[in-house]
Amino acid sequence: MIELFHVWKQYQKPFWALSDINLQIEKGDFVFITGPSGSGKTTLLKTIFREILPTEGQIVIDGVNLLKIPDHRIFALRRQMGIVFQDFRLLFHRTVFDNVAVPLQVIGLPRKVIRRRVFHTLRQVNLHPKINDFPSRLSYGEQQRVAIARAVVNRPKIILADEPTGNLDPELAFEIVSLFKEINEQGATVIIGSHDRELIKRFGQRVLFLQKGRLATSQPTRD
Amino acid sequence: MLYQKIKYFLAQTAGSLWQFRTRNIFSVTIICLSFLIIGVFLSLANNLSATAGELAANISVTFFLDADLPQAATEALAAEMRRSPLVLGVDYVPAAEALTHFRESFPELRNVLESLKTNPFPPSLEARLKPEAATDEAAVQGFIASVRARPGVEDVQFNQDWIEKIRGLSRLARAAGLFLGGILVLASFFIISNIIKLNVFARRNEIEILRLVGGTNTFIRIPFLLEGMTLGFLGSLLSLLVLLVVIKLFPLYLGPTLGAVREIFEFRYLNLAQSLGLLTAGALIGLLGSLTSVSRFLRA
Numbered sequence: 010m011i012e013l014f015h016v017w018k019q020y021q022k023p024f025w026a027l028s029d030i031n032l033q034i035e036k037g038d039f040v041f042i043t044g045p046s047g048s049g050k051t052t053l054l055k056t057i058f059r060e061i062l063p064t065e066g067q068i069v070i071d072g073v074n075l076l077k078i079p080d081h082r083i084f085a086l087r088r089q090m091g092i093v094f095q096d097f098r099l100l101f102h103r104t105v106f107d108n109v110a111v112p113l114q115v116i117g118l119p120r121k122v123i124r125r126r127v128f129h130t131l132r133q134v135n136l137h138p139k140i141n142d143f144p145s146r147l148s149y150g151e152q153q154r155v156a157i158a159r160a161v162v163n164r165p166k167i168i169l170a171d172e173p174t175g176n177l178d179p180e181l182a183f184e185i186v187s188l189f190k191e192i193n194e195q196g197a198t199v200i201i202g203s204h205d206r207e208l209i210k211r212f213g214q215r216v217l218f219l220q221k222g223r224l225a226t227s228q229p230t231r232d
Numbered sequence: 034m035l036y037q038k039i040k041y042f043l044a045q046t047a048g049s050l051w052q053f054r055t056r057n058i059f060s061v062t063i064i065c066l067s068f069l070i071i072g073v074f075l076s077l078a079n080n081l082s083a084t085a086g087e088l089a090a091n092i093s094v095t096f097f098l099d100a101d102l103p104q105a106a107t108e109a110l111a112a113e114m115r116r117s118p119l120v121l122g123v124d125y126v127p128a129a130e131a132l133t134h135f136r137e138s139f140p141e142l143r144n145v146l147e148s149l150k151t152n153p154f155p156p157s158l159e160a161r162l163k164p165e166a167a168t169d170e171a172a173v174q175g176f177i178a179s180v181r182a183r184p185g186v187e188d189v190q191f192n193q194d195w196i197e198k199i200r201g202l203s204r205l206a207r208a209a210g211l212f213l214g215g216i217l218v219l220a221s222f223f224i225i226s227n228i229i230k231l232n233v234f235a236r237r238n239e240i241e242i243l244r245l246v247g248g249t250n251t252f253i254r255i256p257f258l259l260e261g262m263t264l265g266f267l268g269s270l271l272s273l274l275v276l277l278v279v280i281k282l283f284p285l286y287l288g289p290t291l292g293a294v295r296e297i298f299e300f301r302y303l304n305l306a307q308s309l310g311l312l313t314a315g316a317l318i319g320l321l322g323s324l325t326s327v328s329r330f331l332r333a
């Protein structure tokens with residue numbers, strides 16, 4: 010379970026990127042965070058995977074307080090999370106296989122296991138024919154799927170995706186979110202930051218609406 | 034898992050060394066030159082101290098005699114010298130033999146000798162002293178003074194001064210080498226540090242991704258440390274190879290002009306401990322250079 014208690018974040022005075030966020034996300038939930046540009050979606054996601062620390066408040070994941078966790082345990086925590094960045098952050102001098110294999114290499118799995126898992130994951134995102142290609146030779150949507158494959162290859166408990174469908178056409182965007190839904194049905198908690206309201210409506214999941222750093226609503230949007 | 038990680042680290046290191054090969058070659062060259070300076074001076078110091086050691090093992094005093102000193106008087110003097118507890122043996126060197134020896138030792142001065150009408154070398158008695166005499170300078174000086182006072186003894190040459198001078202030069206060469214080399218090694222430390230920093234900077238996206246997927250700082254750091262160590266090790270290894278070539282080629286280059294100097298200097302290479310020391314120092318410099326730059330980056 011992910012819990013946020015009175016979380017505030019300030020990058021620069023007097024503006025607050027996050028203001029008094031209180032939130033609970035149950036294990037296995039599928040949640041969209043939405044809101045206009047600059048509303049704090051990315052900041053909220055970054056505080057959850059502890060890329061940044063909140064100015065005030067507490068964040069607790071599965072009973073572990075992120076603000077009190079010693080540095081050497083942050084690595085273990087991050088291994089339980091899969092992150093899809095808005096800009097993908099792919100390694101362009103490495104093949105698709107190498108990009109997806111990174112989280113598995115970090116934990117030192119044997120090469121054979123890594124190969125099997127990477128291939129399996131790439132098949133899930135329908136990219137296995139391009140396993141030896143370099144990201145620069147892939148389309149935008151394919152690069153996005155490489156980033157998703159990297160986030161899920163380690164079978165994380167929590168998946169955080171920041172605008173994973175940005176700049177994609179509606180059909181491809183639907184396909185990508187469907188992929189997250191499949192992963193969610195396998196047991197992972199999925200949190201997606203997106204400003205695409207139409208897409209969010211199509212999936213009818215719980216939506217957190219951010220407005221100028223404040224949580225405006227936290228409700229399901231089932232039609 | 035450890036085996037897999039080691040394989041991963043080695044692959045990363047090799048990949049980075051190849052990816053940034055131009056700047057890595059530059060780095061290895063700088064380290065090589067720094068260590069070459071130390072190597073040259075160490076080799077010189079080795080030669081000088083070995084020469085001093087050889088001379089110390091054969092301390093001798095040469096008493097130059099009056100050319101007209103009768104044979105009997107020379108023999109009596111030699112017999113008296115042999116009775117001294119400091120003396121191992123006494124050899125008579127006739128003037129003709131001294132001339133022959135000089136011609137052999139200094140072939141380049143043959144013309145000078147040929148222009149002389151007479152043999153300029155006097156006969157001499159060479160007293161070889163026992164090794165323990167080297168430590169009792171007062172007794173040796175007393176012995177020299179007593180022989181020098183005898184009629185027919187014109188001059189005396191004692192190689193103890195030379196031994197001390199050569200030992201002093203050896204110490205000077207070692208100190209100069211360590212001083213100059215030390216400065217250059219310090220410079221190469223900063224060069225490695227900056228080159229690794231450039232490599233780290235070029236791979237900052239990768240480092241960022243590794244951090245966010247749960248890579249520990251140690252996991253991220255190790256390939257860079259191995260890279261620095263490899264650069265340092267290769268640089269010092271290359272310097273040892275260059276030094277070997279220099280030592281083999283230098284006498285050939287100097288050739289006939291060397292004369293007696295070649296007898297004194299055998300152009301010895303570094304000993305095993307010195308070679309291993311330089312290799313270790315190279316690897317250590319590389320390790321420290323990369324450690325400082327990577328740590329700085331990971332903290333940021």
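Protein sequence lines, in the order shown, are assigned to chains Y and L. According to my numbering, the first sequence is numbered sequentially starting from 10. According to my numbering, the second sequence is numbered sequentially starting from 34. Using N, Cα and C, we set each Cβ at its ideal position, and we do this for glycine too.
Item                                                                                                                                          : Value
Beta-carbon contacts of V189/L that lie in its chain and below 8 angstroms, excluding the five residues immediately before and after          : V94, T95, F96, F97, I177, V180 and R181
Contact residues within the stretch 77 to 99 of chain Y, judged by C-beta distance below 9 angstroms to chain L                               : D80, H81, I83, F84, A85, L86, R87, R88, Q89, M90, G91, I92, F94, R98 and L99
Limits of the unbroken alpha helix (DSSP H) element including F183/Y                                                                          : P179 to E194
Residues that E239/L contacts on chain Y, provided the C-beta gap is smaller than 7 angstroms                                                 : L100
Given T84/L as reference, the closest of G48/L, L202/L, G265/L and H134/L once Cα atoms are compared                                          : L202/L
D171/Y versus F94/Y - alpha carbon distance                                                                                                   : 5 angstroms
Whole-Å CB distance - R88/Y paired with I57/Y, under 8 angstroms assumed                                                                      : Not really, about 15 angstroms apart at Cβ, beyond 8 angstroms.
Rounded C-alpha distance that separates D232/Y from I167/Y                                                                                    : Note that D232/Y scores a pLDDT of 42, beneath 50, so its modelled location is shaky and nothing firm can be said.
Minimum C-alpha distance to V130/L - residue among F74/L, N152/L and F53/L                                                                    : The amino acid at residue 130/L is misidentified as Val; the sequence shows Glu. Cα-wise, what sits closest to E130/L is N152/L.
Between the CA atoms of R54/L and P173/Y - distance to the nearest angstrom                                                                   : 36 angstroms
Under 9 angstroms from the C-beta of V111/Y: neighbouring residues of chain L                                                                 : E239, I242, L243, V246 and G248
Chain L within 8 angstroms of P119/Y, Cβ atoms only                                                                                           : yes
Cut-off 6 angstroms between Cβ atoms - residues of its own chain near L213/L, not counting five sequence neighbours on either side            : I70
Contacting positions in the stretch 169 to 198 of chain Y - beta carbon closer than 8 angstroms to chain L                                    : none
Spatially closest choice to I253/L from G261/L, F266/L and E239/L, by CA coordinates                                                          : E239/L
Check whether A111/L and G185/L have beta carbons under 8 angstroms apart                                                                     : no
E1/Y at chain L interface by Cβ criterion, 8 angstroms                                                                                        : This structure gives no information on residue 1/Y, because the portion of chain Y shown stretches from 10 to 232.
Straight-line Cα distance separating L169/Y from V161/Y                                                                                       : 10 angstroms
G44/Y, DSSP secondary structure in three states                                                                                               : coil
Integer Cβ distance of Q220/Y from G44/Y, believed to fall under 8 angstroms                                                                  : 6 angstroms
Helix, strand or coil at T95/L [DSSP, three-state]                                                                                            : strand
Listed by chain order, chain L residues near V115/Y by CB distance under 7 angstroms                                                          : L243, V246, G247, G248 and F252
For E60/Y and A314/L, the rounded distance between their alpha carbons                                                                        : 39 angstroms
Alpha helix (DSSP H) runs contained entirely in the stretch 132 to 219 of chain L, provided each spans 4 or more residues                     : 143 to 148 and 170 to 181
Touching by the beta-carbon criterion (3+ pairs, under 8 angstroms), the stretch 72 to 80 of chain Y and the stretch 99 to 119 of chain Y     : no
Simplified DSSP state of L245/L, which is helix, strand or coil                                                                               : helix
Continuous alpha helix (DSSP H) stretch holding H81/Y: start and end                                                                          : D80 to R87
Chain B contact for Y302/L (CB, 8 angstroms cutoff)                                                                                           : This model lacks chain B altogether; the protein chains it does include are Y and L.
Opening and closing residue of the beta strand (DSSP E) in which T198/Y lies                                                                  : T198 to G202
Validate contact between the stretch 258 to 270 of chain L and the stretch 223 to 243 of chain L using beta carbons, cut 8 angstroms, 3 pairs : yes
Alpha-carbon to alpha-carbon, H134/L and N144/L                                                                                               : 15 angstroms
A333/L classed as buried or exposed, judged by whether at least 16 other C-beta atoms fall within 10 angstroms                                : With a pLDDT of only 41 at A333/L, under the threshold of 50, the placement of this residue in the model should not be trusted; the figure read from the coordinates follows. Exposed, by the Cβ-count rule.
Reduced DSSP category for A117/L - H, G, I as helix; E, B as strand; rest coil                                                                : Note on identity: in this sequence residue 117/L is Ser, with Ala being the wrong assignment. S117/L: coil per DSSP, three-state reduction.
Identity of the residue in N79/L, P256/L and I58/L nearest G210/L by Cα                                                                       : N79/L
D205/Y, buried or exposed, once every other Cβ within 10 Å from all chains shown has been counted against 16                                  : buried
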